[in-house]
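**Q** By the numbering used here, the letter at position 59 of the sequence shown is numbered 221, and the numbering carries on one by one without gaps. All C-beta atoms in this analysis are idealised placements derived from N, C-alpha and C, irrespective of residue type, glycine included.
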Amino acid sequence: MASNKPKTGTSSDAQDDLNALLREALPPQGAWSEEEYLWLTDRLRRPIEFTDGRIEPMPMPNYGHQILLLFLYRTFYSYFQQAQRRGVVVTSGLRMRVRPGSFREPDILLLCDRFDSRRQDRYWLGADLVAEIVSPDDPPRDLVVKRGDYAEAGITEYWIVDPRAETVTVLKLVGSDYVEHGVFRRGETATSVLLDGVSVDVTALFDEAAE
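What follows is the structure in structure tokens.
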């Protein structure tokens, strides 16, 4: 005899149903507004970037990524603590508007003056220095795409930490494009053009992430 009990759906079925509802309720890719993007990211609290009407979910960081991030943060934070400098540095999770219709979430954002008008609560309107740790899922995003975005935004210095090659690339803005200040490897010390005295021992950086 056939059972009259209603079928019990699996968690996978429920997720599929939820995804279908979200697809119907949310704008299609290419049609998102800035305010819709901000509304979504205010609620999801996960890394999502936005370019020309398209939302771009970012991969969740792994352990090594977080150790590299903390190393860089400590370096820049210590610089500002010395001699009571007025700058401010924050880590990923803060949105930055690079131009109308485009938001990024750099791994490190830094302003030389904490009272800079670009520092806002909901998102920043720019930075003096940003850093990205190259994602293994999409290296060209950090190496090429964001290089163009940050140059367009007028960000003076861009640090790219590549765990695969174990390099730290420091780019400085000259006119409307970046030029290499240096590509630093194990046994070398990465230095900043913008922040006199800031340096990172590349060997120590990658050794800490490998522990």
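Where does P168 fall in DSSP's three states?
**A** Here the model assigns P168 a pLDDT of 47, short of 50, so the residue's position is not dependable, and the following value carries that caveat. In this structure, P168 counts as coil in the three-state DSSP scheme.
**Q** How big is the Cα-Cα spacing for L287 and F346?
**A** Going by the C-alpha atoms only, they are around 29 Å apart.
**Q** Take the Cβ of V225 as the centre, count every other Cβ of all protein chains shown within 10 Å, and call the residue buried at 16 or more, exposed below.
**A** It should be pointed out that residue 225 corresponds to Tyr in this sequence rather than to Val. That one is exposed.
**Q** Between the segment 349–364 and the segment 305–312, do three or more beta carbon pairs fall short of 8 Å?
**A** Cβ pair count under 8 Å is below three, so no.
**Q** For S338, count the other beta carbons within 10 Å of its own beta carbon; 16 or more makes it buried, fewer makes it exposed. Which is it?
**A** Exposed is the call here.
**Q** Whole angstroms are fine: how far does the CA of E294 sit from the CA of T253?
**A** So the alpha carbons of these two residues sit roughly 10 Å apart.
**Q** Could you give the first and the last residue of the continuous beta strand (DSSP E) run that contains I317?
**A** Neither: I317 is in no beta strand (DSSP E) and is coded neither H nor E.
**Q** Can you list, in chain order, the residues of its chain with a C-beta nearer than 7 Å to that of S195? Leave out the 5 residues immediately preceding and following it.
**A** No residues qualify anywhere along the chain.
**Q** If we call anything under 9 Å between Cβ atoms a contact, is V296 one with P268?
**A** Not in contact: V296 and P268 (Cβ atoms no closer than 9 Å).
**Q** G103 by DSSP, collapsed to three states: which one?
**A** In the structure as shown, the chain begins at 163 and stops at 373. Residue 103 is therefore absent and cannot be evaluated.
**Q** Looking at the structure shown, is G344 part of a helix, part of a strand, or coil, going by DSSP?
**A** Here G344 sits in strand by DSSP.
**Q** Just confirm the distance between the C-beta atoms of E211 and R266, as a whole number of angstroms; I'd bet it's less than 8 Å.
**A** Rounded, the Cβ-Cβ distance is 5 Å, consistent with contact.
**Q** Express the C-alpha separation of K334 and A313 in angstroms, rounding to a whole number.
**A** Rounded to the nearest angstrom, the two C-alpha atoms are 9 Å apart.
**Q** Candidates T365, H227, Y199, Y320: which alpha carbon is nearest L356's?
**A** Comparing Cα positions, the closest option is Y320.
**Q** Cutting at 6 Å between CB atoms, please list the residues of its own chain near A371, excluding the five before and the five after it.
**A** Within the same chain, A371 has close Cβ partners G226, I229, L230.
**Q** Is the CB-CB distance between L323 and T329 below 9 Å?
**A** Per the sequence shown, the amino acid found at residue 323 is Val instead of Leu. In contact: V323 and T329 (Cβ atoms closer than 9 Å).
**Q** Helix, strand or coil: how does DSSP classify V364 here?
**A** Helix, per DSSP.
**Q** With a threshold of 6 Å on Cβ separation, who are the neighbours of G192 within its own chain once the five nearest residues in sequence on each side are excluded?
**A** If we look at G192 and ignore the five residues flanking it on each side, its Cβ neighbours are G215, R216.
**Q** Let's test the definition: count the other Cβ atoms within 10 Å of the Cβ of R248 and tell me whether it reaches 16, buried, or not, exposed.
**A** By the 10 Å Cβ count, R248 comes out exposed.
**Q** If you follow the alpha helix (DSSP H) that R236 is part of, which residue opens it and which one closes it?
**A** Looking at the DSSP string, the run of the alpha helix (DSSP H) that includes R236 is 225–243.
**Q** Per DSSP, A352 forms a beta bridge with which residues?
**A** DSSP, once it has assigned bridges, lists V362 as partnering A352.
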